[in-house]
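For reference, the structure discussed in these notes is given below.
In our numbering, the protein residues as written are 194 to 473.
Quick look at the structure:
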């Protein structure tokens with residue numbers, strides 16, 4: 194029996210902290226009652242029975258996405274990747290109000306910890322069955338060509354933390370390198386070109402050896418700094434078939450403002466997008 198001293202009839206007792214068999218967040222309902230002894234040693238009858246129900250732990254987040262994709266391979270370091278997942282909780286009406294993200298170099302999370310966010314506020318709160326807001330990576334610098342593994346847990350509005358999600362991953366891609374060996378009519382910087390629709394090509398290069406060149410953009414201008422008159426800009430255009438890595442593109446014919454055989458020098462440049470949709 195616990196003891197405290199008060200001489201004020203009709204006042205509330207101090208808070209009495211539970212201190213017996215461990216309780217768990219399993220949704221169980223418990224019943225309790227209390228009686229008091231006065232300064233004369235006389236004991237009151239039991240109070241009316243009260244009850245309380247334990248919170249239920251949120252279940253593991255599901256459908257983790259990186260940059261809105263499942264385990265993507267073409268992730269950039271800038272802007273930083275972002276993560277999200279579905280909040281799940283058996284308690285109707287609960288919301289997810291905090292997140293904890295872990296990013297590691299090993300799928301068992303025994304490698305290098307790249308980021309452990311700790312418990313952070315999630316704004317806005319996330320309803321049951323809804324996707325969390327995007328959580329932007331804020332850890333150590335990521336390396337090109339490396340696969341990273343991540344998982345997330347959510348805490349509900351009662352402060353109970355869920356188990357971790359399944360492990361997701363993402364690979365930081367290499368950007369394609371600058372196209373090399375650009376040629377006009379198969380020549381380097383030719384003069385006395387007579388074809389008014391000359392053809393251009395260049396070598397596609399990517400440190401991700403399995404990648405191919407999927408798109409190109411060519412610009413033709415009257416000034417070498419491309420601040421003059423734009424004669425042609427293809428915008429992002431599909432290259433078909435895709436260019437094998439370290440190979441030359443097809444010969445791409447000029448299709449801009451009409452050229453004239455008047456001795457004018459034109460300047461051109463090209464860039465490629467790889468099969469991860471990353472641009473050189």
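Cβ coordinates follow ideal geometry from the N, Cα and C atoms, glycine included.
Where residue i falls: helix, strand or coil (DSSP)
i           : result
residue 454 : coil
residue 444 : coil
residue 462 : strand
residue 411 : strand
residue 378 : coil
residue 343 : strand
residue 293 : strand
residue 230 : strand
residue 335 : coil
residue 247 : coil
residue 219 : strand
residue 240 : coil
residue 399 : strand
residue 387 : coil
One or two residues paired with residue i in a DSSP bridge
i           : result
residue 406 : 436 and 467
residue 318 : Its beta-bridge partners do not exist; DSSP assigns none.
residue 425 : 413
residue 364 : 340
residue 202 : Looking at the DSSP assignment, residue 202 forms no beta bridge with any residue, so it has no partner.
residue 348 : 291 and 354
Top-ranked residue by Cα proximity to residue i, from the options
i           : options               : result
residue 243 : 295, 466, 226 and 269 : 226
residue 271 : 331, 397 and 245      : 331
residue 356 : 210, 279, 473 and 365 : 279
residue 473 : 439, 398, 273 and 420 : 398
residue 438 : 292, 324, 469 and 405 : 405
residue 373 : 465, 433, 327 and 387 : 465
residue 389 : 451, 231, 415 and 435 : 451
residue 203 : 364, 229, 234 and 431 : 229
residue 471 : 366, 309 and 282      : 366
Residue i burial status per 10 Å Cβ neighbour count (16 or more: buried)
i           : result
residue 256 : exposed
residue 295 : buried
residue 409 : buried
residue 384 : exposed
residue 463 : buried
residue 305 : exposed
residue 377 : buried
residue 369 : buried
residue 268 : buried
residue 211 : exposed
residue 290 : buried
residue 403 : exposed
residue 207 : exposed
residue 223 : exposed
residue 386 : exposed
Problem set entry | Contact the stretch 315-323 vs the stretch 285-292: 3+ CB pairs below 8 Å | yes
For this session: Count the CB pairs spanning the stretch 456-465 and the stretch 344-354 that are closer than 8 Å, and state whether there are at least three.
Result: no
For this session: Inspect the CB distances between the stretch 232-247 and the stretch 334-348 and report whether three or more fall short of 8 Å.
Result: no
Exercise. Counting Cβ pairs, one atom from each stretch, are 3 or more of them under 8 Å apart for the stretch 439-454 and the stretch 381-396?
Worked result: yes
Problem set entry | Three CB pairs or more closer than 8 Å across the stretch 333-342 and the stretch 425-432 | no
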